[in-house]
Amino acid sequence: MVFPTTRLRRLRKTAALRNMVRETVLTVNDLIMPIFVTHGTNIKEEISSMPGVYHFSLDRLDEEINEIVQVGIQAIVLFGVPASKDAVGSSAFDTNGIVQQATRQIKAAHPELLVIADTCLCQYTDHGHCGMIHVHEVNGCEIGEIDNDESLEYLVRTAVSQAEAGADIIAPSNMMDGFVHAIRAGLDEAGYSDVPIMSYSVKYASAFYGPFRDAAHSAPQFGDRKTYQMDPANVREAVREAEEDVLEGADMLMVKPAMAYMDVIRVIKDQFDLPLVAYNVSGEYSMVKAASKLGWIDERAIVTELLLGLKRAGTDMIITYHAKDAARWLSDRS
Ligand code: PBG
């Protein structure tokens with residue numbers, strides 16, 4: 000590059016020129032909105048650490064869904080907050096579980112809206128882990144261990160019941176080994192071979208899930224998730240996780256969280272041809288909301304830049320609590 004022949008500022012001179020040479024665009028098609036559903040009546044309760052995000056009972060859910068459809072969002076991901084919990088998380092695979100009911104209700108009113116079901120057990124188990132626990136005694140201490148292969152059976156039942164209720168996409172977030180294979184086989188056997196799996200392939204054991212765990216009442220009652228979720232230090236392992244999922248039949252891959260893992264997004268994008276999702280998680284949302292509330296940052300500008308950054312890093316879709324706002328901003332050209 001030889002100055003003064005090359006002057007990169009030439010192409011930045013006007014808005015029209017900048018529009019023409021822009022390399023990355025964010026559209027409403029890229030956005031997926033998470034929704035929390037709960038039992039009871041007349042509930043629209045704001046999650047205190049996530050301003051603008053609510054728990055909805057089924058009788059108040061339509062207001063939210065109508066708004067989402069109106070702003071042009073085409074997909075939502077459902078999280079259930081159940082009435083009761085037990086050791087195996089049976090409310091996760093109950094035909095009348097909260098996610099199953101919400102799915103039927105939403106699909107009846109809006110058949111074209113894609114309902115993605117998060118397939119996990121931690122909101123539904125009394126111990127708050129994403130799988131089945133066995134307690135062993137080691138040197139006089141009781142240690143709870145997660146039984147990978149037994150957990151798969153319950154996850155399969157959950158996924159099948161979600162597909163039965165009409166979920167368009169199954170999104171397993173439990174990080175057990177072999178979950179994609181098990182769920183694919185279970186769905187196929189139950190007659191849902193056309194239901195895709197959006198795998199939370201690369202999910203880190205992250206402090207950024209804090210506000211979600213408050214919101215979903217899903218914090219582990221003992222220990223942490225480090226024996227199944229990934230170490231934030233690792234990226235080669237992320238490739239192995241994704242590779243496994245591809246071989247097991249995943250239709251889409253995910254990296255979660257998003258902002259502190261943009262390098263991982265890029266690596267996965269470069270190595271695999273599957274559509275890639277980033278989950279812009281609760282803690283990332285809360286930080287932006289808190290700083291905006293204090294007047295320290297410009298929320299619209301910050302969120303727009305963050306989401307664009309995630310697309311530039313290589314994501315095709317973004318699950319984000321900012322989805323509704325972002326969709327509105329995208330249609331407002333001011
Ligand atoms: C369930 C699940 C979690 C999130 C999505 N699905 C929490 C966790 O693994 O503890 C986090 C989402 C967020 O923080 O926004 N396994």
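All the letters of the sequence shown, read from the start, carry residue numbers 0 to 333 under numbering that gives the first Met the number 0. Where is the CB? At the ideal position from N, CA and C, for every residue including glycine.
Taking only heavy atoms of the ligand PBG into account, decide whether any of them is closer than 8 Å to the Cβ of residue i.
i: Q220; result: no
i: P50; result: no
i: D230; result: no
i: A215; result: yes
i: E179; result: What sits at residue 179 in the sequence shown is Val, not Glu. Not under cutoff, so the answer is no.
i: K202; result: yes
i: V70; result: no
i: N147; result: no
i: V27; result: no
i: K255; result: yes
i: Y199; result: yes
i: G341; result: Look at the range of the chain in this structure, 0 to 333, and you will see that residue 341 is not part of it.
i: S211; result: Before going further, note that residue 211 is Phe rather than Ser in the sequence given. Checking every heavy atom of the ligand PBG against the Cβ of F211, one is found closer than 8 Å.
i: Y278; result: yes
i: N173; result: yes
i: Y320; result: yes
i: D324; result: no
i: Y208; result: yes
i: Q334; result: Here the chain covers residues 0 to 333 and nothing more, so residue 334 does not appear.
i: F78; result: yes
Please go through the same chain and pick out, in chain order, the residues whose beta-carbon is closer than 7 Å to the beta-carbon of residue i, but skip the five residues on each side of it.
i: V263; result: V201, V234, A237, V254
i: R156; result: F92
i: H216; result: V80, Q122
i: M32; result: I67, I72, I75, A322, K323
Who are the near neighbours of residue i in its chain, counting only those whose CB is closer than 8 Å to its CB and skipping five residues on each side?
i: R103; result: A164, G165
i: Y208; result: P256, V280, S281, G282
i: K268; result: L275, A312, G313, T314
i: A108; result: D61, I64
From the DSSP output, read off the bridge partner residues of residue i.
i: T118; result: P171
i: P33; result: V76
i: S198; result: L252
i: D331; result: Answer is none; D331 lacks a bridge partner.
Hey, residue i and residue j: beta-carbon distance below 9 Å or not?
i: M49; j: K288; result: yes
i: A334; j: L30; result: In this structure the chain extends from 0 to 333, so residue 334 is not present and cannot be described.
i: L57; j: V87; result: no
i: A277; j: M316; result: yes
i: A206; j: G313; result: no
i: V98; j: Q161; result: yes
i: A158; j: T118; result: yes
i: H54; j: E66; result: no
i: I34; j: A116; result: no
i: T303; j: A325; result: yes
i: Y153; j: P210; result: no
Residue i lies in the alpha helix (DSSP H); which residues open and close that run?
i: N279; result: Not the alpha helix (DSSP H): N279 falls in the beta strand (DSSP E), residues 275-279.
i: E22; result: Unbroken run through E22: none, as it is neither H nor E.
i: G370; result: This structure cannot speak to residue 370, because the chain is shown only from 0 to 333.
i: M261; result: 261-270
i: K84; result: Note, K84: premise wrong, no alpha helix (DSSP H); not H, not E.
Where does the unbroken beta strand (DSSP E) through residue i begin, and where does it stop?
i: E141; result: 140-146
i: K106; result: First-last for K106: 97-108, but that is the alpha helix (DSSP H), not the beta strand (DSSP E).
Please indicate yes or no: does the CB of residue i lie closer than 8 Å to some heavy atom of the ligand NAP?
i: Y153; result: With respect to the ligand NAP, the structure shown offers nothing to examine, as its ligands consist of the ligand PBG.
Can you find the residues in the same chain that come closer than 6 Å, C-beta to C-beta, to residue i, ignoring five residues on each side of it along the sequence?
i: Y260; result: V254
i: A204; result: R224, K225, Q228
i: L329; result: V27
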